[in-house]
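Chemist: Take a look at this one; I'll ask things after.
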Amino acid sequence: MKTLITYLMLTGWALNAEAQGTVLWDEAVNGSLGNSSDSVTLLGVLSAGTNVIHGTVDLWAAPYGYLALEDHGQFQVGIGWQLVSLRFSTERPANIYLAGSFSEWPVWRDVPPGIDLVQKHGQGPLPTGTYRLIMRNDDYTGAWDGSHVPYLVELVTEPVPEPGVLALGGLGLALFALAKRRPRQP
Numbered sequence: 075m076k077t078l079i080t081y082l083m084l085t086g087w088a089l090n091a092e093a094q095g096t097v098l099w100d101e102a103v104n105g106s107l108g109n110s111s112d113s114v115t116l117l118g119v120l121s122a123g124t125n126v127i128h129g130t131v132d133l134w135a136a137p138y139g140y141l142a143l144e145d146h147g148q149f150q151v152g153i154g155w156q157l158v159s160l161r162f163s164t165e166r167p168a169n170i171y172l173a174g175s176f177s178e179w180p181v182w183r184d185v186p187p188g189i190d191l192v193q194k195h196g197q198g199p200l201p202t203g204t205y206r207l208i209m210r211n212d213d214y215t216g217a218w219d220g221s222h223v224p225y226l227v228e229l230v231t232e233p234v235p236e237p238g239v240l241a242l243g244g245l246g247l248a249l250f251a252l253a254k255r256r257p258r259q260p
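Numbering (the working numbering), first residue to last: 75 to 260.
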């Protein structure tokens with residue numbers, strides 16, 4: 075019986091994990107993201123689970139200094155969902171900026187791989203809404219020949235917990251505590 079339960083749990087986990095990843099944009103397949111605030115790429119509504127963006131930001135030497143080509147993408151967190159994690163990974167210096175219906179989100183510079191920026195900011199999950207991501211290359215080494223920084227953005231969504239779920243969980247804990255308190259009848 076334990077083997078059957080273990081098998082069913084692993085099968086359910088595998089099916090669930092496979093259905094939860096979505097590539098929102100891959101510059102190698104879909105082309106470049108918009109390079110300015112006038113040409114923002116619309117990425118659509120985030121799917122359940124992990125949503126991935128693969129891209130490259132470029133920096134070129136110019137007569138007046140450097141020309142940094144930013145990547146601009148806009149996405150939506152659907153009704154009943156929340157953005158619980160945003161991870162930005164790159165191998166060289168780059169910045170990421172998240173803008174939404176509020177302006178207190180900062181620019182993150184030289185983000186270490188694997189850092190969850192939603193948790194780092196300390197405001198909890200982002201609610202339903204429209205948000206814009208801006209990625210910028212800050213790798214000035216070798217920029218005379220052009221600097222190309224590949225990056226990966228992972229956006230993770232989860233459903234907003236319903237108030238009834240929390241109430242039922244509390245009721246279950248109360249009943250469990252009550253049952254544990256009662257002495258057993260001989």
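Glycine included, each C-beta is placed from N, C-alpha and C at the ideal position. Source: prediction; values computed, not measured.
Is any heavy atom of the ligand GDP found at a distance shorter than 7 Å from the C-beta of L133?
Modeler: Inclusion of the ligand GDP in the displayed structure is not the case, the ligand content being empty and no account of it being possible.
Chemist: Among A173, D212 and L247, which has the Cα closest to the Cα of H195?
Modeler: The shortest C-alpha separation from H195 is found at A173.
Chemist: When burial is assigned at 16 or more other CB atoms within 10 Å of the CB, is A248 buried or exposed?
Modeler: exposed
Chemist: Put E232 into one of helix, strand or coil per three-state DSSP.
Modeler: In this structure, DSSP gives E232 an extended state, which the three-state scheme calls strand.
Chemist: For the beta strand (DSSP E) containing N169, name the first residue and the last one.
Modeler: Taken as a continuous stretch (DSSP letters only), the beta strand (DSSP E) holding N169 covers A168 to A173.
Chemist: On a Cα-Cα basis, can you pick out the residue from Y140, V158, L207 and G108 that is closest to P201?
Modeler: V158
Chemist: Rounded to the nearest angstrom, what separates N109 and I170 at their Cα positions?
Modeler: 14 Å
Chemist: Assuming L141 is part of the alpha helix (DSSP H), what are its boundary residues?
Modeler: Not the alpha helix (DSSP H): L141 falls in the beta strand (DSSP E), residues G139 to L143.
Chemist: For G129, is the classification buried or exposed, using 16 other Cβ atoms within 10 angstroms of its Cβ as the cut-off for buried?
Modeler: buried
Chemist: Counting only the same chain and skipping the five closest in sequence on each side, list residues whose C-beta sits under 6 Å from that of L116.
Modeler: Q148
Chemist: Pull up the DSSP beta-bridge partners for N211, would you.
Modeler: A168
Chemist: Any idea what DSSP makes of Q197, helix, strand or coil?
Modeler: coil
Chemist: Go ahead and label Y138 buried or exposed: buried means 16 or more other beta carbons lie within 10 angstroms of its beta carbon, across all protein chains shown.
Modeler: exposed
Chemist: Between the beta-carbon of G263 and the beta-carbon of V126, is there less than 8 Å?
Modeler: Outside the displayed range of the chain (75 to 260) lies residue 263, so it cannot be described from this structure.
Chemist: Based on Cα-Cα distance, which residue from A122, S111 and V227 lies nearest to V234?
Modeler: A122
Chemist: By DSSP, does A122 sit in helix, in strand, or in coil?
Modeler: coil
Chemist: When burial is assigned at 16 or more other CB atoms within 10 Å of the CB, is K254 buried or exposed?
Modeler: So K254 counts as exposed.
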